Every structure is written in C-alpha cells, then in structure tokens.
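Asker: In my numbering, the protein residues as written are 2 to 268. We put the CB at the ideal spot given by N, CA and C, even for glycine. Small disclaimer: the values here were computed from a predicted structure and weren't measured.
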Amino acid sequence: MNNHYIPRLLAVANQKGGVGKTTTAINLSTALCAVGKRVLLIDLDPQGNATTGLGIKRNSIERSIYDVLFDDAEVTDVAVKTKVRKLSVVPSSIHLAGAEIELVTAHYREYRLKNAIRKPLPYDYVIVDCPPSLNLLTLNAFVAVESLIVPLQCEFYALEGLSHLTKTVRRVRKTLNPDLDIQGIVLTMVDRRNKLTGQVADDVRKFFGDKVYLTQIPRNVRLSEAPSYGLPAIIYDMKSPGAQAYIQLAKEVIGRERELLKQQNVA
Ligand SMILES: Nc1ncnc2c1ncn2[C@@H]1O[C@H](COP(=O)(O)OP(=O)(O)O)[C@@H](O)[C@H]1O
Ligand SMILES: [Mg+2]
2 MNNHYIPRLL AVANQKGGVG KTTTAINLST ALCAVGKRVL LIDLDPQGNA TTGLGIKRNS
62 IERSIYDVLF DDAEVTDVAV KTKVRKLSVV PSSIHLAGAE IELVTAHYRE YRLKNAIRKP
122 LPYDYVIVDC PPSLNLLTLN AFVAVESLIV PLQCEFYALE GLSHLTKTVR RVRKTLNPDL
182 DIQGIVLTMV DRRNKLTGQV ADDVRKFFGD KVYLTQIPRN VRLSEAPSYG LPAIIYDMKS
242 PGAQAYIQLA KEVIGREREL LKQQNVA
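Set out below in structure tokens:
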C-alpha cells in the first residue's frame, strides 16, 4: 500500500454543454501524466465522451462508474488503462443516464462518489469530467472533490451561467462539502478575431480577477479532431496551438495546487 495516498481531487464542471469540459479533462489529465503524475479520469457524463475520446470502445466496457456509485465497486477495479502512460479512466456507461433518478431515493445519495475516491488510491490526481447539468451526478462530484476547474466559452450569457454555478458552489460549501473551491476558470474556444469573445473575456477577468487562468484555450481544429482518433490532442498533435495551450494550463493548475498545499501546511 506504500504508493497509495489520498489523491488530489479535481472536477471539471459547467452546467452548460459544449463549453470544453471533456476536452479540458482529457488534455489536462494527459499533461499531468506527461510530468509524471498518476492520473485517474472519471467519466461522470452519461454521454461518455471522455471514455470514447480516450479510445475506449463503449461495447468493450464491462464495468463503469455506475458500478462504483451503485454496487460499491472499487474505482481501482473498474479503471481501465489508456494509451497514455499513467492515465487510467473509469468509463461512463449508458446506465448512468438512469442513475440520476435512481440516486434520488438512494441512501447517502450525495456521498456515493466521495466514498469511492476520498481515500488512499494509487493515483496522484483524480479528475472528474462532469455532465452538462447541476444534477445529482454533478452534486456527487461537488461533494467529493476539493477543487473545480470551470471551462468557460466566451459568449453572451457566459457570466450569467457562471453566477448560477458559483451560487451552487457556495451552497455546497455551507452544507455538504466545506472544502469545495473553484480553483480557476479557463476561457475556452477563444477566437482572437471575434470581437465579442474579447469583450466577454475582459468582463470575466474584471469580475473574477485572478480566478481566471492566464492561459486561454484557442479555438483549434486539432482539439476537435483528436477524439475521433481516440487520442488526447496533446498526443495526437502536440505542436498544435490547442495542445500547447493545455500544456500551459496544466502548469498553472500544478502551480495553484502547490500554493494551496503551502497554505494548508501553514494553517
Ligand atoms: N478549443 C477548442 N477548439 C475547437 N473545438 C473545441 C475546442 N474545445 C472543444 N472543442 C470541441 O467542441 C465540442 C464540445 O467540447 P467538449 O469538450 O465535448 O465540451 P463539453 O464537455 O463541455 O460538452 C467538441 O466537439 C470538442 O471537440
Ligand atoms: Mg463533456
């Protein structure tokens, strides 16, 4: 058991779909592995894009996060290795689509994921890819993890959606998980030629200050092509601007993690 510690627990969340959560979860996980971290990516979205995006065929999946949440399966038993060294994934399954309703009547329904991952595991990081809603599955992630990474697409209603999310975080912190914090907001699909994008980006930075990572993820076709090859963009085309941006983002995430640990040690 001597290589088992309680891992750092992060979730990538935003109740809006199509903002870059899964792309961020996959590439951030891969970048962390590239600097030697052992990472477990948990696919909590019934759509399973993180699973397939890492080259895991849905019909080859025997057990999934569903079995962890409902049958007390261990994440270490359900996790499958990916083509990325040191990166394993707990796959999603279509059964997860019904999980939301099953959870409503389940005991300790908000704590299922926490019980599965807040314990010594053979990983340095567990990263949860959340579904595009603030449902009970997402709530399970918010209760389980310590930090959220929030991808934000710079569009007109972005700030409104964000305030809904921050309210939820505050509520969870008061009740189910006092440790929860937004580690950072990452601007995604940034198109420098688009004026609105720049405007929204400025507003978000004004409002959230240094909560926003300095790194911005550009709109980049390599990021959208990579999943169809079952590869993270960082491996599919490491030199592409999108991949490079995610490598930069990972450095910032690690930096903020270190700061947090320092503060915890001082306290
Ligand atoms: N920076 C980007 N540039 C271009 N396409 C992107 C970028 N980020 C994500 N995409 C594409 O946009 C779609 C939605 O991204 P995804 O990460 O699946 O969002 P979410 O998980 O929030 O629904 C996917 O097809 C993805 O490949
Ligand atoms: Mg997704």
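Counting Cβ pairs, one atom from each stretch, are 3 or more of them under 8 Å apart for the segment 147-156 and the segment 199-217?
Answerer: With a cut-off of 8 Å, the segment 199-217 and the segment 147-156 count as touching, because enough Cβ pairs lie within range.
Asker: What do you reckon, is the C-beta of residue 220 under 7 Å from a heavy atom of ligand 1?
Answerer: As a position in the sequence shown, residue 220 is number 219, starting the count at 1. Indeed, a heavy atom of ligand 1 lies less than 7 Å from the Cβ.
Asker: So does the segment 161-177 actually touch the segment 119-130, counting three or more Cβ pairs closer than 8 Å?
Answerer: Flag = no, the segment 161-177 and the segment 119-130 do not touch.
Asker: By the three-class DSSP mapping on this structure, what secondary structure does residue 12 have?
Answerer: Here residue 12 refers to the residue found at position 11 of the sequence shown. In the structure shown, residue 12 sits in a strand (DSSP, three-state: E or B).
Asker: Quick one, which of 56, 200 and 193 has its alpha-carbon nearest residue 227's?
Answerer: If you number the sequence shown from 1, residue 227 lands on position 226. For residue 227, the nearest C-alpha among the options comes from 56.
Asker: By the 10 Å Cβ neighbour count, where 16 or more other Cβ atoms means buried, how is residue 138 classified, buried or exposed?
Answerer: Residue 138 sits at position 137 when you count from the first residue of the sequence shown. Residue 138 is buried by the Cβ-count criterion.
Asker: Just to confirm my understanding: we take residue 98, look at its own chain, exclude 5 residues before and 5 after, and list those with CB closer than 7 Å. What are they?
Answerer: Counting from 1 along the sequence shown, the entry for residue 98 is found at position 97. If we look at residue 98 and ignore the five residues flanking it on each side, its Cβ neighbours are 47.
Asker: If you measure between the beta carbons of residue 43 and residue 81, is that distance less than 8 Å?
Answerer: Counted from its first residue, the sequence shown places residue 43 at position 42. Counted from its first residue, the sequence shown places residue 81 at position 80. No, the Cβ-Cβ distance between residue 43 and residue 81 is not below 8 Å.
Asker: Is residue 22 near ligand 2 - that is, is its Cβ less than 7 Å away from at least one heavy atom of it?
Answerer: One-based indexing of the sequence shown puts residue 22 at position 21. Answer for residue 22: yes, Cβ within range of ligand 2.
Asker: Do you know offhand how far residue 13's Cα is from residue 26's?
Answerer: Numbered from its first residue, the sequence shown carries residue 13 at position 12. Numbered from its first residue, the sequence shown carries residue 26 at position 25. Distance between the alpha carbons of residue 13 and residue 26 is about 6 Å.
Asker: Hey, would you say residue 158 sits closer than 8 Å to residue 187, going by beta carbons?
Answerer: Counting from 1 along the sequence shown, the entry for residue 158 is found at position 157. Counting from 1 along the sequence shown, the entry for residue 187 is found at position 186. It is not a contact, given that the beta carbons lie outside the stated cut-off.
Asker: Out of 241, 175 and 49, state which residue places its alpha-carbon closest to the alpha-carbon of residue 221.
Answerer: Within the sequence shown, numbered from 1, the residue matching residue 221 stands at position 220. Taking only the C-alpha atoms, the option nearest residue 221 is 241.
Asker: Is it the case that the CB of residue 182 approaches a heavy atom of ligand 2 more closely than 7 Å?
Answerer: Start at 1 with the first residue of the sequence shown, and residue 182 comes out as number 181. Not under cutoff, so the answer is no.
Asker: Would you say the beta carbon of residue 48 is closer than 7 Å to some non-hydrogen atom of ligand 2?
Answerer: In the sequence shown, counting from the first residue as 1, residue 48 sits at position 47. Within the cutoff, so yes.
Asker: Who does residue 41 pair with in a DSSP beta bridge?
Answerer: As a first step, residue 41 must be located in the sequence shown, where it is residue number 40. DSSP output for residue 41 lists 89 and 127 as bridge partner(s).
Asker: So residue 45 and residue 66 are supposed to be a Cβ contact under 8 Å. How far apart are they, rounded?
Answerer: Looking up residue 45 in the sequence shown gives position 44. Looking up residue 66 in the sequence shown gives position 65. Going by Cβ atoms, the distance from residue 45 to residue 66 rounds to 6 Å, so yes, they are a contact pair.
Asker: Distance, Cα to Cα, residue 9 vs residue 58?
Answerer: As a working note, residue 9 is residue 8 in the sequence shown. As a working note, residue 58 is residue 57 in the sequence shown. Going by the C-alpha atoms only, they are around 28 Å apart.
Asker: Quick one: what's residue 168 bridged to in DSSP?
Answerer: Reading the sequence shown from its first residue, position 167 is the one you call residue 168. DSSP output for residue 168 lists no bridge partner at all.
Asker: If I measure Cβ to Cβ from residue 35 and keep anything under 6 Å in the same chain, skipping five residues before and after, which residues do I get?
Answerer: Taking the sequence shown and counting its residues from 1, the one referred to as residue 35 is at position 34. Cβ neighbours of residue 35 beyond the five flanking positions: none.
Asker: Taking just the CA atoms, how far does residue 131 sit from residue 172?
Answerer: Residue numbering aside, residue 172 sits at position 171 when the sequence shown is read from its first letter. Residue numbering aside, residue 131 sits at position 130 when the sequence shown is read from its first letter. Computed Cα separation, rounded: 18 Å.
Asker: Taking the alpha helix (DSSP H) that residue 242 falls in, what are its first and last residues?
Answerer: Here residue 242 refers to the residue found at position 241 when the sequence shown is read from its first residue. Unbroken alpha helix (DSSP H) run through residue 242: 242-267.
Asker: When the Cα atoms are used, what is the spatial distance from residue 85 to residue 31?
Answerer: Numbered from its first residue, the sequence shown carries residue 85 at position 84. Numbered from its first residue, the sequence shown carries residue 31 at position 30. So the two alpha carbons sit approximately 7 Å from each other.
Asker: Looking at ligand 2, does it come within less than 7 Å of residue 130, judged from the CB to the closest heavy atom?
Answerer: Position 129 of the sequence shown holds residue 130. For ligand 2, at least one heavy atom lies less than 7 Å from the Cβ of residue 130.
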